[in-house]
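Novice: Residue numbers for the sequence shown follow full-length UniProt numbering, so the first one is 1 and each next one is one higher.
Glycine is no exception: its CB is placed at the ideal position from the N, C-alpha and C atoms.
Model, not experiment: these values are computed from the prediction.
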Amino acid sequence: MQLTSIVRCSDAILEWQKDKRYGPARQHCITSNDLDLARDLIQVLQPFYEITLQVSTRGGARIAQVVVFIDQITSHLSTAISNKADGYPPALRNACRAGIQLTNKYYTLTDCSPIYRVAMILHPSFKDEYFKLAKWQPDWIDEAIRLAREMWENHYKSTPQRTTTKEPNARPKPAPTGVLAGLSGASEARAGQVLMDPLNVWLAGGLHLDDEGLPVNPLKWWISEGRRGNTYGGLLQISLDVLSCPATTVDVERSFSFGRVYLSNRRHRLNASSVTKGMTVAFYSKNDMIKPGMLRKWKQDQRKKGKEKALKE
1 MQLTSIVRCS DAILEWQKDK RYGPARQHCI TSNDLDLARD LIQVLQPFYE ITLQVSTRGG
61 ARIAQVVVFI DQITSHLSTA ISNKADGYPP ALRNACRAGI QLTNKYYTLT DCSPIYRVAM
121 ILHPSFKDEY FKLAKWQPDW IDEAIRLARE MWENHYKSTP QRTTTKEPNA RPKPAPTGVL
181 AGLSGASEAR AGQVLMDPLN VWLAGGLHLD DEGLPVNPLK WWISEGRRGN TYGGLLQISL
241 DVLSCPATTV DVERSFSFGR VYLSNRRHRL NASSVTKGMT VAFYSKNDMI KPGMLRKWKQ
301 DQRKKGKEKA LKE
């Protein structure tokens, strides 16, 4: 923002510097080279600014976007280094190289938790296709799918109760032989694999994009599918749980900050229950979830119940 303001006001700044009485000392004056560098920095830092706004907005970024953000930054810095047509100075290109090293460090840290890769697999617009387009190695993609399957099987997969029925006095059919027997076994194996592995069915399906060809909101998409009764073989709940994870601790930090403001020095004797209830009501009110007059009606009802109780006693 400051660099943009400097470039926007460059003509006024250069004119102001000429003033001998109110202008700055010569060694502090901005030159045309400084303005050119500022323009270059704006182009290089613009994606960082946009991504920072997304991750700093309450509820704005989710866990599935972390890998996408890192890929966008890496691609942008790589282009700034390799594209000679931009005319960036060598010092700025070296800074971009240092930025890529730092970005790769954080990219590596996503391996510390499987939730980043599982979120990508369960995203209706990404699945495993994003990894292929990002030119991940095949064993990395297989590992991401394995982690998603492991999380689903260990924590969400339900064990179906199989029931078998047998017709009374039914004659047994002759078993197929030869090639027919092999076809029958292969058909049953493939059908069983499809039915017993919803993750394979999910990955084999198409990608879901909006009307403009952009990724959809994964949470809204899964919620709408759940309302239609589409659970995708039990993947609905794990998708909602994983994809609802925030990308940063912004919401948590703001909750703590609000709690500190709410628990002022004059209300320091409130117990934990009162603080929790007060913050909950404030959260509902801030998100327009409390209808006008609801609290007043509740207080009036409490007073009425108190008076009726006093009359009975």
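Under 8 angstroms, do proline 218 and histidine 123 count as touching if we go by C-beta distance?
Specialist: Yes, the Cβ-Cβ distance between proline 218 and histidine 123 is below 8 angstroms.
Novice: Counting C-beta neighbours from all protein chains within 10 Å, is the total for serine 125 16 or more, i.e. buried, or is it exposed?
Specialist: Buried: at least 16 other Cβ atoms inside 10 Å.
Novice: Residue range of the alpha helix (DSSP H) that cysteine 96 falls in?
Specialist: Residues 90-109.
Novice: Comparing C-alpha positions only, which one of Asp111, Glu153, Tyr107 sits nearest to leucine 235?
Specialist: Ranking Asp111, Glu153, Tyr107 by Cα distance to leucine 235 puts Glu153 first.
Novice: Applying the 10 Å Cβ sphere with the 16-neighbour rule, what's the burial state of alanine 272?
Specialist: Counting Cβ neighbours within 10 Å, alanine 272 comes out exposed, since fewer than 16 surround it.
Novice: Arginine 269 by DSSP, collapsed to three states: which one?
Specialist: If DSSP states are grouped into helix, strand and coil, arginine 269 belongs with coil.
Novice: Of all the options Ala98, Ser285, Leu133, Ile141, which has the alpha carbon lying nearest to the alpha carbon of proline 114?
Specialist: Cα-wise, what sits closest to proline 114 is Ile141.
Novice: Pick from Lys20, Thr110, Val44, Leu35: whose alpha carbon is nearest that of asparagine 83?
Specialist: Taking only the C-alpha atoms, the option nearest asparagine 83 is Val44.
Novice: Count the C-beta pairs between the region 279-290 and the region 87-98 that are closer than 8 angstroms, then say yes if the count reaches three, no if not.
Specialist: Taking 8 angstroms as the limit for Cβ pairs, the verdict is that the region 87-98 does not touch the region 279-290.
Novice: Just to confirm the assignment: which complete alpha helix (DSSP H) runs, minimum length 4, are found wholly within the region 115-162?
Specialist: Counting only runs of 4 or more, we get 115-122, 129-133, 138-155.
Novice: Would the region 59-76 count as touching the region 97-113 if we require 3 or more Cβ pairs under 8 angstroms?
Specialist: As far as the Cβ criterion goes, the region 59-76 touches the region 97-113, which means the pair count is three or higher.
Novice: Determine the closest residue to valine 201 out of Lys127, Trp221, Ser257, with distance taken between C-alpha atoms.
Specialist: Checking every option, the nearest Cα to that of valine 201 belongs to Lys127.
Novice: Taking the straight line between their C-alpha atoms, what separation do you get for arginine 227 and lysine 220?
Specialist: C-alpha separation (whole angstroms): 11 angstroms.
Novice: Assign lysine 304 to one of three DSSP states: helix, strand, or coil.
Specialist: In the structure shown, lysine 304 sits in a helix (DSSP, three-state: H, G or I).
Novice: The alpha helix (DSSP H) that contains proline 292, what's its start and end?
Specialist: Looking at the DSSP string, proline 292 is not in any alpha helix (DSSP H), and its letter there is neither H nor E.
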